[in-house]
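Residue numbers (the working numbering): 17 to 593. Don't be surprised by glycine CBs; every beta carbon is placed ideally from N, CA and C.
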Amino acid sequence: MRWTKQLIPTLREVPLEAEIASHQLMLRAGMIRRLGAGLYTFLPLGFRALKKVEAIVRQEMDRAGALEVLMPALHPREIWDRTGRYDVLSEVMFKIEDRQGRHLVLGPTHEEIITDLVSREINSYRQLPRNFYQIQTKFRDEIRPRFGLMRAKEFIMKDAYSFDVDWDAAEKSYQAMYEAYQRIFARCGLRTRVVEADTGAMGGKSSHEFMVLAESGEDGLVECGPCGYAANLERAEGVTRGETVFEDADRENELVDTPNMRTIEEVSGFLKSPPARLIKTLIYRADEKPVAVLVPGDRDVNELKVARALGCRKLELADDATIEEATGAPVGFAGPVGLDLPLYADKKLRGYRGAITGANQADRHIVHVDLERDVRISEFHDLTYARNGDGCPRCDGTLVEKRGIEVGHVFKLGTKYSEQLGALYLDPEGKQQPAVMGCYGIGVSRTLQAVIEQRHDKDGIIWPISIAPYAVEVLMINAQDAETRRVAEQITETLEKQGVEVLMDDRDERPGVKFKDADLVGVPIRVGIGERSLAKGAVELKIRGQSDKAKEVPLDQAVAEIQGAIRQLYEELNASA
RNA sequence: CGGGGCGUAGCGCAGCCUGGUAGCGCGUCAGCUUUGGGAGCUGAAAGUCGCCGGUUCAAAUCCGGCCGCCCCGACCA
Numbered sequence: 017m018r019w020t021k022q023l024i025p026t027l028r029e030v031p032l033e034a035e036i037a038s039h040q041l042m043l044r045a046g047m048i049r050r051l052g053a054g055l056y057t058f059l060p061l062g063f064r065a066l067k068k069v070e071a072i073v074r075q076e077m078d079r080a081g082a083l084e085v086l087m088p089a090l091h092p093r094e095i096w097d098r099t100g101r102y103d104v105l106s107e108v109m110f111k112i113e114d115r116q117g118r119h120l121v122l123g124p125t126h127e128e129i130i131t132d133l134v135s136r137e138i139n140s141y142r143q144l145p146r147n148f149y150q151i152q153t154k155f156r157d158e159i160r161p162r163f164g165l166m167r168a169k170e171f172i173m174k175d176a177y178s179f180d181v182d183w184d185a186a187e188k189s190y191q192a193m194y195e196a197y198q199r200i201f202a203r204c205g206l207r208t209r210v211v212e213a214d215t216g217a218m219g220g221k222s223s224h225e226f227m228v229l230a231e232s233g234e235d236g237l238v239e240c241g242p243c244g245y246a247a248n249l250e251r252a253e254g255v256t257r258g259e260t261v262f263e264d265a266d267r268e269n270e271l272v273d274t275p276n277m278r279t280i281e282e283v284s285g286f287l288k289s290p291p292a293r294l295i296k297t298l299i300y301r302a303d304e305k306p307v308a309v310l311v312p313g314d315r316d317v318n319e320l321k322v323a324r325a326l327g328c329r330k331l332e333l334a335d336d337a338t339i340e341e342a343t344g345a346p347v348g349f350a351g352p353v354g355l356d357l358p359l360y361a362d363k364k365l366r367g368y369r370g371a372i373t374g375a376n377q378a379d380r381h382i383v384h385v386d387l388e389r390d391v392r393i394s395e396f397h398d399l400t401y402a403r404n405g406d407g408c409p410r411c412d413g414t415l416v417e418k419r420g421i422e423v424g425h426v427f428k429l430g431t432k433y434s435e436q437l438g439a440l441y442l443d444p445e446g447k448q449q450p451a452v453m454g455c456y457g458i459g460v461s462r463t464l465q466a467v468i469e470q471r472h473d474k475d476g477i478i479w480p481i482s483i484a485p486y487a488v489e490v491l492m493i494n495a496q497d498a499e500t501r502r503v504a505e506q507i508t509e510t511l512e513k514q515g516v517e518v519l520m521d522d523r524d525e526r527p528g529v530k531f532k533d534a535d536l537v538g539v540p541i542r543v544g545i546g547e548r549s550l551a552k553g554a555v556e557l558k559i560r561g562q563s564d565k566a567k568e569v570p571l572d573q574a575v576a577e578i579q580g581a582i583r584q585l586y587e588e589l590n591a592s593a
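This is the structure in structure tokens:
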């Protein structure tokens, strides 16, 4: 392919709309263009790379025995009502009406659709296990789309759904997908970390996320070096090794004046006590009923954990009026002593003595609080976010906090959907059983961008050979030189005949422009054709991201060398897998 | 949805406070010169100044409303 026949609108300047490196580079390298918030067109280069990722996903899913299907993106509302998820996912679903006034949604995910299909088509244990997957566009009304393809309203996803006769069999299906995912991401040149994760609105028993470590990642995670424990911050449990008994722990509790001191910071400073000594008391509405949540003053509440501990569907911080009504004091002075609400305390507060809490009176706090002596806690749970330096819940190690981009998520779903939608089969005894399900997602378009986020330098993208839009770029240093053109065209043609994807930069531009664009676009193997080396009967070979200077290769060996370089790049990729 | 910011040529921006001819850099097109890491000169095309309304002799500029985008937060398979 000639550059002059392609559309590769590279940008010299950084577009204002892009914040993170991968987003900037996708725009600058002419891979994508924005249509609206969270909506992107793939230009030829971006689409080529995307198709490479898809091809790897297909190969590995097929290899793992999954069967490719294609389901509609548009769904009748009724199917979502059958599982109650029309309400659960209501906010993220795009809803539309057809001219008959029928209610339709644009699918944010496809559990209902595939389970409905399986309920009709699979009836016997002899037909199990089966795993169906598709690569398709998903629609989610994200509150805030950002970072280009990272969080878009419309994005490409590979989703797979496994159906098994029982939990043991389902576990095998899960393992097969887990391993397929490892291979997929390795083949994309990504270093990923697998973490325990929250199942969220998917429901189900447990799940693992595949994270691409990156500073710009939207997800926080912690990991423990010694034992390998790793979990999404939404789920991670950190063990505190901090003290729970503070000075004057044995004294009776007493009221102290704390005029206008409402925040942990203010009270901590005013009373000259570390924030950890304070007990933060937050009033929530759990399914409309007020409850109090207690956590150490230096900790943040993890509302997902609270909701799970309480078993409530809807959890929100109470408004000021509710707080005043529940505590009898203005906001900022709530405390558990004498508070007539269900009290849910974070585990780390166990044994807290000599602590400080709000007094449920304006401008007052209570000191020397002994949680066991002075308060009747309803339940202790893990209710806070883990953080850097916390103890590992599995071993003696210490947790390290990192950031990551979630590119894959595998769930053990169980029988939730199969029961609700009647995906039942007859076992050998003729008894009806619900299929045990798993579901497995890969954000395909996001994965593409994650590769760039992880593999770039100041000059541009460094594609792994496996998903590069082209494997080789043949660069005419002076496109007006006849011999340059002849050699470039001949090498390009030979390689293309051998099935190599070549981009030939035949633009009549200055060399600098073409070198810069080559680095930006990031094609792995660059073949420079210029008068200087042609005079020596050679061309110049350079691997993107490796060594600064190009290697001169005799003309008659050029194609063989290029093929060798391609092979080597694939080998390196496999070796790191 | 709350807070902040921005909307002027394809991209990046100035002009707005203090109303009066719409500008700069890059890119694009043409010509000449140049040619190994984002060239030089000359010329040219290209803008309903986000939209609607108001004030005014006159609005990119002042006022009101709306829309869009970006950032932070809340939220999120």
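Proximity of residue i and residue j at Cβ, strictly below 8 angstroms
i	j	result
H91	I151	no
A53	P161	yes
R369	A466	no
G254	V238	yes
I339	G313	no
G459	M173	yes
A371	A192	no
M492	D522	yes
I200	V73	yes
L415	N404	yes
F110	V423	no
Y401	S140	no
V134	A439	yes
I483	C243	no
Proximity winner among the options, relative to residue i (alpha-carbon distances)
i	options	result
K474	V30, R583, Q22 and I24	V30
I541	R523, E547, K567 and G528	K567
V353	K296, A402, A325 and H397	K296
L66	P88, M492 and F171	F171
K330	S222, V322 and A337	V322
L437	A45, P88 and I138	I138
R156	V121, L32 and G62	V121
A89	F262, E341, I112 and V555	I112
E499	I545, G528 and T463	I545
A581	K565, D362, V543 and E547	V543
Q22	A45, Q470, E33 and L32	A45
Q470	P527, H381, Q448 and L206	L206
I382	P527, E268, D335 and R136	E268
L557	A504, Y433, F163 and A345	A504
S434	T57, G407, T99 and Y56	T99
Buried or exposed (CB count within 10 angstroms, at least 16 for buried), residue i
i	result
A576	exposed
W479	buried
T256	buried
A551	exposed
E127	buried
V317	buried
P450	buried
Q496	exposed
R64	buried
G515	exposed
S461	buried
L51	exposed
Same chain, Cβ closer than 6 angstroms to residue i, five either side skipped, listed in chain order
i	result
I468	S38, L41 and I477
A196	E76 and A80
A168	G54 and P161
A82	N147, Y149 and A176
G561	I478
Cut-off 7 angstroms between Cβ atoms - residues of its own chain near residue i, not counting five sequence neighbours on either side
i	result
L511	V488, V518, V575 and I578
C328	A302 and D303
S394	P358, L359 and Y360
R93	Y102, H119, L120 and V121
D114	L120
D180	L144, P145, A186, S189, A451 and V452
Own chain, CB closer than 8 angstroms to residue i, minus 5 neighbours either side, in chain order
i	result
R366	T260, L387 and F396
So, do the region 301-310 and the region 264-280 have three or more beta carbon pairs nearer to each other than 8 angstroms?
Segments in contact, no.
Would you call the region 368-386 in contact with the region 204-213, where contact means no fewer than 3 C-beta pairs closer than 8 angstroms?
Because the criterion of three Cβ pairs below 8 angstroms is not met, the region 368-386 and the region 204-213 do not touch.
When you compare the region 136-147 with the region 177-197, are there three or more beta-carbon pairs, one atom per stretch, that lie closer than 8 angstroms?
Touching, yes, given that three or more Cβ pairs across the two stretches are closer than 8 angstroms.
Assess contact between the region 281-292 and the region 240-250, defined as three or more Cβ pairs (one per stretch) separated by less than 8 angstroms. Is contact present?
Not touching, per the Cβ criterion.
Give a yes or no on contact between the region 451-460 and the region 425-442, applying the rule of three or more CB pairs nearer than 8 angstroms.
Touching, yes, given that three or more Cβ pairs across the two stretches are closer than 8 angstroms.
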